[in-house]
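Residue numbers (the working numbering), protein chains in the order written: chain U, 1442 to 1618; chain S, 1442 to 1618.
Each residue gets a CB set at the ideal place from its N, CA and C atoms; glycine is no exception.
The structure under discussion appears below in the form of C-alpha cells.
There are 2 protein chains.
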Amino acid sequence: MSLPHALLTSLAERPGSGSELASRFDRSIGYFWQATHQQIYRELARLEANGWVRSVAIEGARGRKRRYDLLPQGLEELARWTAEPMDPPAIRDELMVRLRAESVIGPSALAQRLTEMLSLHRQKLAAYQAIERRDFVSSSSDRRRRLQHLVLKAGVDFERQRIAFYEDALSILEDDG
Amino acid sequence: MSLPHALLTSLAERPGSGSELASRFDRSIGYFWQATHQQIYRELARLEANGWVRSVAIEGARGRKRRYDLLPQGLEELARWTAEPMDPPAIRDELMVRLRAESVIGPSALAQRLTEMLSLHRQKLAAYQAIERRDFVSSSSDRRRRLQHLVLKAGVDFERQRIAFYEDALSILEDDG
DNA sequence: TCCACCATGTAATGCGTTACATGATTGA
DNA sequence: TCAATCATGTAACGCATTACATGGTGGA
C-alpha cells in the first residue's frame, strides 16, 4: 500500500495542493505509481488525520485551494516505510494472458491490438529519452541526482523491453495471422 | 479485468477443478496473473452463471470436488476478449517510490531490502531458465509453442532487467549508505 | 451575465486480500 | 478413532475506478 507514501514523498520534494499533486501523478511520480484525483483527496484527508501533513487555505487562489505541507511526523513515517521489508512486485500482465489465450484458440485480431500498443510504447520511450537528454546530461552528479536518473533509466529500459517484446510477438502472429 | 478470461484460458487448455486451477495460478498462469483460491471460486461461480462453463461433481474424489469444462459460449467470449481494444499496462512499482523517497530523505536501510529482493529475483530467473532448457530446446516449433516460448522469454527478460536494476541501485546506495 | 473550467468532494461498485468456516477423506 | 489435510466456501474490509455533484473564478 504505497499511495500514502507516494504522496508523502511528493510533498517532501515540494509542498502543493491536491490538484498539483494530481498533476504530478500524471507526470513524474505517475510513471510508476498512478492515482486519480479522488484517491488523492481521500488519502490527503487521511494523512492530515494522522498528523503527517497539515494544510492551509491558499488565499487569492481559485476555489477552495489548499496547500499541503509535510510535518516532521510524516517525514519519520516516510523514513520508517522506506526501510520496511518488501514483497516482490505483483505482476499482472493482461497481454500475456491474451497471448496464451491466442495460442490455444488460434489466430485473432490481437495482432492489430499489438500494433496499436507498439506505437504507444514508442511514444513513451521517446518522451523518457527526451527527459533524459534534457535533465541528465552531466555524468558526474550527487547521490540524489544519480538515484533520480536510475529511476528514469528503469522506465527507459522497461519501454525498450516492451517494444522488443511486441516486435517478437508480431513476427510470430503475422506468420499466419 | 482479466481474471475471468485467465480462467477461461486455463480451462480451454485443460478442464479442471477449482483447486487444480488454484495450483495452476501458483505456477504457469500465475507468473503473469495471480489469484487466490477465494477469487477463483467466486469467479468460477460467475462464469457458470454466465453460461461460459459448466461443472459436474467428480465421483470418487476427495470432498466436494467438481470438474469445470469450457462451453462453446465461453470459447466465444474468450475469442471476443482476446481481440478487444487494450489499455497499456498499469505500472505500480513500489520500489521506485521508495528509491525516490530515499533520494529526498537520505540514506536508510533500503539497501538491505534490495539485497534480499536481488536473491529472490535470481532464484526466479534460474527457475524460468530451467523451464526453458527443459521444455523449449528445439528451435523449430509450431505457432502455439512459439507463443508459449515467447511468453516465457518475457518472464526471463523481466527478471534479468530487474536484477540489473537492483545491482545498479545497490552500487549507488552503497557508495555512502 | 453566463458559460466553461478549476478545485474539491461524494457515492456506488468491483476486484483483491485476509481471516475464518465447513464437510469429507486419508493416514497414523 | 482422531488429527491433519484437502476442497470448497463465506464474510469483512480496503483500495481502485467511475460517475456524478458543488461552488467558485475568469473570460467572452
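Original post:
How about R1529 of chain U: is its C-beta nearer than 8 angstroms to some C-beta of chain S?
Top reply: By 1-based counting over the first sequence, the position of residue 1529 of chain U is 88. The residue asked about is misnamed: residue 1529 of chain U is Pro in this sequence, not Arg. Taking Cβ atoms only, chain S reaches closer than 8 angstroms to P1529 of chain U, which makes this a yes.
Original post:
Shortest alpha-carbon distance to K1594 of chain S belongs to which of S:E1573, S:S1582 and S:L1611?
Top reply: Numbered from 1 along the second sequence, position 153 holds the residue referred to as residue 1594 of chain S. Of S:E1573, S:S1582 and S:L1611, the residue nearest in Cα terms is S:E1573.
Original post:
If you check the beta carbons only, do L1591 of chain U and I1613 of chain S fall under 8 angstroms apart?
Top reply: Counted from its first residue, the first sequence places residue 1591 of chain U at position 150. Counted from its first residue, the second sequence places residue 1613 of chain S at position 172. Contact: yes.
**OP:** Take every Cβ of the segment 1467 to 1476 of chain S, pair it with every Cβ of the segment 1559 to 1570 of chain U, and state whether three or more of those distances are shorter than 8 angstroms.
**Re:** no
Subject >> For G1457 of chain S, the three-state DSSP class (helix, strand or coil) >> reply: Position 16 of the second sequence, counted from the start, is the residue given in the question as residue 1457 of chain S. In the structure shown, G1457 of chain S sits in a strand (DSSP, three-state: E or B).
**OP:** May I ask you to report which of helix, strand or coil DSSP gives V1578 of chain U?
**Re:** Sequence index remark: in the first sequence, residue 1578 of chain U carries index 137 (1-based). Three-state result, V1578 of chain U: coil.
**OP:** Determine which residues of the segment 1463 to 1483 of chain S have a Cβ less than 8 angstroms from any Cβ of chain U, and write them out in chain order.
**Re:** I1470, Y1472, F1473, W1474 and Q1475
**OP:** Scan the segment 1510 to 1530 of chain S for residues whose Cβ lies nearer than 7 angstroms to a Cβ of chain U and list them as they occur along the chain.
**Re:** L1516, L1519, A1520, T1523, A1524, P1526, M1527, P1529 and P1530
Original post:
Any chance the segment 1485 to 1503 of chain U sits against the segment 1500 to 1519 of chain S, with 3 or more Cβ pairs inside 8 angstroms?
Top reply: no
**OP:** Using the DSSP secondary-structure output, state which residues sit across from Y1509 of chain U in a beta bridge.
**Re:** Start at 1 with the first residue of the first sequence, and residue 1509 of chain U comes out as number 68. Paired residue(s): U:G1457 and U:S1496.
**OP:** Decide yes or no for the touch test of the segment 1472 to 1484 of chain S against the segment 1524 to 1541 of chain U: beta carbon pairs closer than 8 angstroms, at least 3 of them.
**Re:** yes
Original post:
What separation, rounded to the nearest whole angstrom, lies between the Cα atoms of R1575 of chain S and R1601 of chain S?
Top reply: For the purposes of this step, residue 1575 of chain S is taken as the residue at position 134 of the second sequence. For the purposes of this step, residue 1601 of chain S is taken as the residue at position 160 of the second sequence. Between R1575 of chain S and R1601 of chain S, the C-alpha separation is close to 19 angstroms.
Subject >> Cβ of A1567 of chain U within 8 angstroms of any chain S Cβ >> reply: As a first step, residue 1567 of chain U must be located in the first sequence, where it is residue number 126. False, the Cβ-Cβ gap to chain S never drops below 8 angstroms.
Original post:
Is it true that the CB of G1457 of chain S sits closer than 8 angstroms to the CB of R1508 of chain S?
Top reply: Here residue 1508 of chain S is taken as the residue at index 67 of the second sequence, counted from 1. Here residue 1457 of chain S is taken as the residue at index 16 of the second sequence, counted from 1. Yes. Within cutoff.
Original post:
Is P1513 of chain U buried or exposed, if buried means 16 or more other CB atoms sit within 10 Å of its CB?
Top reply: For this step, residue 1513 of chain U is matched to residue 72 along the first sequence. Exposed: under 16 other Cβ atoms inside 10 Å.
**OP:** Would you tell me roughly how many angstroms separate the C-alpha atoms of L1536 of chain U and G1501 of chain U, rounded to the nearest one?
**Re:** Residue 1536 of chain U sits at position 95 when you count from the first residue of the first sequence. Residue 1501 of chain U sits at position 60 when you count from the first residue of the first sequence. Near 48 angstroms, if we compare the C-alpha coordinates of G1501 of chain U and L1536 of chain U.
Subject >> Within-8 angstroms CB hit, F1606 of chain S to chain U >> reply: As a first step, residue 1606 of chain S must be located in the second sequence, where it is residue number 165. For F1606 of chain S, the answer is yes, since a Cβ of chain U falls inside 8 angstroms of its Cβ.
Original post:
Near Q1570 of chain S, what residues of its chain come up, given a Cβ to Cβ distance below 7 angstroms and the 5 sequence neighbours on each side ignored?
Top reply: As a working note, residue 1570 of chain S is residue 129 in the second sequence. The residues are V1597.
Subject >> Q1480 of chain U versus U:S1443, U:N1491, U:L1511 and U:S1579, residue with shortest Cα-Cα distance >> reply: Stepping through the first sequence from its first residue, residue 1480 of chain U is reached at position 39. The residue with the shortest Cα to Cα distance from Q1480 of chain U is U:S1443.
**OP:** Would you list, in chain order, the members of the segment 1544 to 1556 of chain S that have their beta-carbon closer than 7 angstroms to a beta-carbon of chain U?
**Re:** S1544, V1545, I1546, S1549, A1550, L1551 and R1554
**OP:** Return the first residue and the last residue of the alpha helix (DSSP H) that Y1482 of chain S is part of.
**Re:** Taking the first residue of the second sequence as 1, we reach residue 1482 of chain S at position 41. Note, Y1482 of chain S: alpha helix (DSSP H), H1478 to A1490.
Subject >> Among S:A1490, S:R1587 and S:Q1553, nearest to A1524 of chain U - alpha-carbon criterion >> reply: Position 83 of the first sequence, counted from the start, is the residue given in the question as residue 1524 of chain U. For A1524 of chain U, the nearest C-alpha among the options comes from S:Q1553.
Subject >> Under 8 angstroms from the C-beta of I1613 of chain S: neighbouring residues of chain U >> reply: Here residue 1613 of chain S is taken as the residue at index 172 of the second sequence, counted from 1. Per Cβ cutoff of 8 angstroms: R1584, R1587, L1588 and L1591.
**OP:** For T1450 of chain S, count neighbouring Cβ atoms within 10 angstroms of its own Cβ and tell me buried if that reaches 16, exposed if not.
**Re:** The residue you call residue 1450 of chain S lines up with position 9 of the second sequence. Buried: at least 16 other Cβ atoms inside 10 Å.
Original post:
So what does DSSP say about R1533 of chain U, is it helix, strand or coil?
Top reply: Position 92 of the first sequence, counted from the start, is the residue given in the question as residue 1533 of chain U. Three-state result, R1533 of chain U: coil.
**OP:** Report buried or exposed for S1580 of chain S, applying the criterion of at least 16 other Cβ atoms within 10 angstroms of its Cβ.
**Re:** If you number the second sequence from 1, residue 1580 of chain S lands on position 139. Under this definition S1580 of chain S is an exposed residue.
Original post:
In this structure, does DSSP put W1522 of chain U in helix, strand or coil?
Top reply: As a working note, residue 1522 of chain U is residue 81 in the first sequence. Residue state, collapsed to three classes: helix.
Original post:
How long is the line joining the alpha carbons of I1546 of chain U and R1587 of chain S, rounded to whole angstroms?
Top reply: Sequence index remark: in the first sequence, residue 1546 of chain U carries index 105 (1-based). Sequence index remark: in the second sequence, residue 1587 of chain S carries index 146 (1-based). For I1546 of chain U and R1587 of chain S, the distance between alpha carbons rounds to 14 angstroms.
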